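Take a look at the structure below.
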Amino acid sequence: MVVQEKYKSKLTGLPGKLVTLGVLNESDARKAIELSRTERTPIVTYLLNKKLVTNSEVAWAL
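In my numbering, the protein residues as written are 4 to 65.
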């Protein structure tokens, strides 16, 4: 399956991929990264708990 990248992002890892795919905007991704670090929560858990992404979107990005 070929996935077309919609946006460019300076972020790496899953947050960067979610931004590149257009699932999450970069501002929200950066905030989520910072808050997940503050809460000492894995970024995937944070994104799912705050309903910023769905399980399907995470699976798609991976």
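For each residue, glycine too, the CB sits at the ideal point set by N, CA and C.
Predicted model, so just to flag it, every value in this text is computed and none were measured.
Burial of SER39 is indicated by the presence of at least 16 other C-beta atoms within 10 angstroms of its C-beta. DSSP places ASN52 in the uninterrupted alpha helix (DSSP H) bounded by 46-52.
Under the criterion of beta carbons closer than 8 Å, TYR49 and ALA35 qualify as touching, at roughly 6 Å. It is roughly 15 Å from the alpha-carbon of GLU60 to the alpha-carbon of ASP31. For the 8 Å CB-CB criterion, LEU17 and ILE46 form a contact.
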